[in-house]
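Here the structure is laid out as structure tokens; the discussion comes afterwards.
Residue numbers (my numbering), protein chains in the order written: chain A, 124 to 358; chain B, 424 to 923.
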């Protein structure tokens, strides 16, 4: 599993995909960071920055995950993975962790921008840390979705677009749910909303219930990815 | 072939069942966590001020209260998610109270669907119960209405919330509704007071009082009486002059009983009108509170009055006085005067109230309502005063009681209303604001104490002191330079690998 993890991680930085992801990620988050803090001046709000970050991840993370499994299918190296001594769970986990490592690294580096704010004010460290923790788990859930979508197709484009659609659905579901008059249906649908679950972190709280939700969400999609490969192995 | 098919179907079905079981287990796990979250706090509060945590001070105030308390949100729980971060903060705090104390229950109701409950509360607050309302109700039927904005302190200069005072607001409301029995309001008799005031008594009953009558010359004020209502007296009260001359026993000294009543920090409402004669004992008592009235003086206003039945120009439309937001006089009409369309508050057949210097320096005297600037006061058909004359005067005192660290602030008020028709059938209906003013008075006077020692929880000040050019330079650095460097490195690696 370690070998697959290292190989995947190396692949991000020996091919353009990792650099493109990082460059675009830094550019967009940097711009949003500046708009919500530096250029806002008196109206600076770290909460607003993290509010936008959810939508940035919804678009960026599928780019990171599109090649995870789709590329192996396309170049026919999938058979090597399926017949390797590593378990399918280990293989899926290794690829997932590689993508997660790149994402967490990018997130932490982009958070270094907050240090600049200390020159001009007193940004709330607890809220920044709380949000970063929340976004690590949120990102893990999104990456798991992307991994699953990537496992279903050999086209990276289809993998990225379908991942974006699923993630955007989870992000926008509360908007749709608000128009449903029946409370129980509305509550069930809103339960899937990631935006609602992130508001606690934005306010300076770590919500253990939301963390467990993100972990189980990631687990569910990774499990489904393993099932896809189980089926493929035996068929 | 058939065997192969059977195997495929068998293992395929088993696989599907396995997947379904795992997914169901995940859903069940999250469901259990949600249920646990309703009973136990699963939140780690990272803020310096512990904004989302109930402080030890608040716990001290609440722990001694055994009365079942129900806190109602007037909209469904998930609807509050769309109301913004601040309303969710209020919801979180209230739910934390519900988890911390077994006698506090939090409920969510759709006020538009629960007509019965809505009507019960709307009777007390005719124009303000809406989906944003938060009702704190005690087991004895007393309740207080709160709004999310009341849980925050607003900066005067920016109009933005700068601190969370939710604990103070909520603890105050819980204390107010947790009385074991309804407070009493006693209507005095024996001075030809108006007793045919069914609507007024009904209004006060709806406001949570037990209404009784009392002849102060014969009875002591019953325990549990919070307010005395002297409604249009025609004869003076028995006081120290009569006691000194030996005409009455000390036990028949009504003024002394009123004075003792106020020493215990209670409340008195007095209504008078142009026909109220000189009542020296009562007037002297009221003057100690800085209040008085001009006997045999009638206010007329051709411009600032309602036409219709009765004498023209005497159906005065009261003017809201907003000078001092901290004064009790302002709180009497705050719920009306701060609304988008403040209703008219009527003072029919009114006499001017006189605001003077109270004996106690700690007493604050102010007018809640005045006549319009076009009004004139007539005595013996001659103009004796004009302009904005007080129609309702409120004198209040406050003090702290309790041990250090657990002190509470209590109020005592005397209200003098310059009309005896303020709460008559004609004006107590929903068209005018008179009923709401009576409810406000009842609420102010029904409250026992306000908790002291609970602090505001100030939000982070995230404002930056930065000039525009520096901000723009840093924007370019962060959003362009760093990504550019990464792109260059990536390009270099890409070129190097192409040539391998």
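Every residue gets a Cβ at the ideal spot worked out from N, C-alpha and C, and that includes glycine.
Cross-strand partners of residue 813 of chain B (DSSP beta bridge) = DSSP lists B:793 as partners of residue 813 of chain B.
Please classify residue 302 of chain A: is it buried, with 16 or more other beta-carbons within 10 angstroms of its beta-carbon, or exposed?
-> Residue burial annotation: residue 302 of chain A is exposed, with fewer than 16 other C-beta atoms found within 10 angstroms of its C-beta.
Buried or exposed: residue 443 of chain B, going by 16 or more other Cβ atoms within 10 Å of its Cβ?
-> Here residue 443 of chain B is exposed: its Cβ has fewer than 16 other Cβ atoms, across all protein chains shown, within 10 Å.
Neighbourhood of residue 550 of chain B by C-beta, 6 Å cutoff - its chain only, sequence neighbours within 5 removed | With a pLDDT of 47 at residue 550 of chain B, under the threshold of 50, the predicted position of this residue should be treated as unreliable, and no value is reported.
Within the same chain, show all residues whose beta-carbon is closer than 6 Å to that of residue 840 of chain B, passing over the 5 residues directly before and after it, in chain order.
-> 694 and 815.
So who's on the other strand from residue 819 of chain B, going by DSSP bridges?
-> Looking at the DSSP output, residue 819 of chain B bridges to B:787 and B:836.
Nearest to residue 329 of chain A (by Cα), restricted to the options A:313, A:318 and A:250 = When the alpha-carbon of residue 329 of chain A is set against those of A:313, A:318 and A:250, the nearest one is in A:250.
Closest Cβ-Cβ distance between residue 134 of chain A and chain B: below 8 Å?
-> The beta carbon of residue 134 of chain A sits no closer than 8 Å to any beta carbon of chain B.
State the DSSP-derived secondary structure class of residue 846 of chain B, mapped to helix, strand or coil.
-> In this structure, residue 846 of chain B counts as coil in the three-state DSSP scheme.
Residue range of the alpha helix (DSSP H) that includes residue 678 of chain B = Start and end: 677 to 686.
Return yes when the C-beta of residue 718 of chain B is under 7 Å from any heavy atom of the ligand SAM, and no when it is not.
-> No copy of the ligand SAM appears in this structure; indeed no ligand is present at all.
Who are the near neighbours of residue 871 of chain B in its chain, counting only those whose CB is closer than 6 Å to its CB and skipping five residues on each side?
-> Any reading at residue 871 of chain B must be qualified, since the residue scores a pLDDT of 49, below 50, and its modelled position is unreliable; the value itself is stated next. Same-chain partners within the cutoff: there are none.
Does DSSP classify residue 235 of chain A as helix, strand or coil?
-> Coil at residue 235 of chain A, not helix or strand.
In DSSP terms, what residue 568 of chain B is bridged to | Under DSSP, residue 568 of chain B forms a beta bridge with B:558.
Can you find a CB in chain B that lies within less than 8 Å of the CB of residue 360 of chain A?
-> Outside the shown range of chain A (124 to 358) lies residue 360 of chain A, about which nothing can therefore be said.
Are any of the Cβ atoms in chain A nearer than 8 Å to that of residue 442 of chain B?
-> Residue 442 of chain B counts as touching chain A.
Cβ of residue 175 of chain A less than 8 Å from any chain B Cβ?
-> No, residue 175 of chain A lies away from the interface with chain B (no Cβ there is under 8 Å from its Cβ).
Nearest-angstrom Cβ-Cβ length linking residue 200 of chain A and residue 274 of chain A, presumed shorter than 8 Å | That pair is no contact at about 14 Å.
For residue 154 of chain A, decide whether its Cβ has a neighbour in chain B, counting only Cβ atoms nearer than 8 Å.
-> Any Cβ of chain B closer than 8 Å to the Cβ of residue 154 of chain A would place that residue at the interface, and such an atom is present.
Using a C-beta cutoff of 8 Å, does residue 905 of chain B count as contacting chain A?
-> The Cβ of residue 905 of chain B sits closer than 8 Å to at least one Cβ of chain A.
Quick one, are the C-beta atoms of residue 717 of chain B and residue 775 of chain B less than 8 Å apart?
-> Yes.
Measure the Cβ-Cβ separation of residue 317 of chain A and residue 177 of chain A and say whether it is below 8 Å.
-> Going by C-beta atoms, residue 317 of chain A is nearer than 8 Å to residue 177 of chain A.
Can you tell which of B:817, B:751, B:636 and B:667 has its C-alpha closest to the C-alpha of residue 652 of chain B?
-> Selected option, being the one with the closest Cα: B:636.
In terms of residue numbering, what span does the alpha helix (DSSP H) encompassing residue 479 of chain B cover?
-> Segment 479 to 486, the alpha helix (DSSP H) holding residue 479 of chain B.
If you measure from the beta carbon of residue 501 of chain B to each beta carbon in chain A, is any gap under 8 Å?
-> In terms of beta-carbon proximity, residue 501 of chain B lines the interface with chain A, with at least one pair separated by less than 8 Å.
Taking contact to mean at least 3 C-beta pairs separated by less than 8 Å, is the stretch 764 to 784 of chain B in contact with the stretch 883 to 892 of chain B?
-> No, because fewer than three Cβ pairs between the stretch 764 to 784 of chain B and the stretch 883 to 892 of chain B fall closer than 8 Å, the two stretches do not touch.
Residue 340 of chain A: which of A:160, A:261 and A:148 sits nearest, CA to CA?
-> Distance from the Cα of residue 340 of chain A is smallest, within the candidate group A:160, A:261 and A:148, for A:261.
Return no unless some Cβ of chain A is closer than 8 Å to the Cβ of residue 376 of chain B.
-> Given that chain B is displayed from residue 424 to residue 923, the structure contains no residue 376 of chain B and the question cannot be resolved.
May I ask you to verify whether the stretch 526 to 534 of chain B touches the stretch 586 to 594 of chain B, counting CB pairs closer than 8 Å and requiring at least 3?
-> Result no; under three Cβ-Cβ pairs closer than 8 Å.
Any chance the stretch 799 to 808 of chain B sits against the stretch 752 to 772 of chain B, with 3 or more Cβ pairs inside 8 Å?
-> No, they do not touch.
Output, in chain order, the set of chain B residues within a Cβ distance shorter than 7 Å of residue 310 of chain A.
-> Residues of chain B passing the Cβ test: 501.
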